[in-house]
Amino acid sequence: MIYSKVDNPKCTLCVHAQIHNESDNITCDIKGTVPADFCCKKFKYDIFKKKINPKKVLKSQNFSKEDFTL
Numbered sequence: 024m025i026y027s028k029v030d031n032p033k034c035t036l037c038v039h040a041q042i043h044n045e046s047d048n049i050t051c052d053i054k055g056t057v058p059a060d061f062c063c064k065k066f067k068y069d070i071f072k073k074k075i076n077p078k079k080v081l082k083s084q085n086f087s088k089e090d091f092t093l
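Note that the sequence shown ends on residue 93 in the numbering used here; no numbers are left out.
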């Protein structure tokens, strides 16, 4: 699998975790309530839980020809 190796595994990205917005704790199916940065040996990466920032759009209308001359 392409995303099988995670650089920084933590429970917020695990299949077994359920994230709650009101607290920093996570409910794990295996361990129960754990901190968000916790990671156990049953960690299994869930690609859909990773938040990806959208690409920024370059506003080319603000540039003029003089901006690119030396």
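Idealized CB from N, CA, C, for every residue including glycine. What you are looking at is a predicted structure, and each value in this text was computed from that prediction instead of being measured.
- Secondary structure in the stretch 27 to 91: the beta strand (DSSP E) runs of 3 residues or longer, each lying completely within the stretch, are 40 to 42, 48 to 51 and 55 to 58 in chain order.
- When the five nearest sequence neighbours on each side are left out, the beta carbons in the same chain lying within less than 7 Å of the beta carbon of residue 42 are those of 35 and 49, in order along the chain.
- Residue 37 holds the alpha-carbon nearest to the alpha-carbon of residue 57 among 74, 73, 37 and 70.
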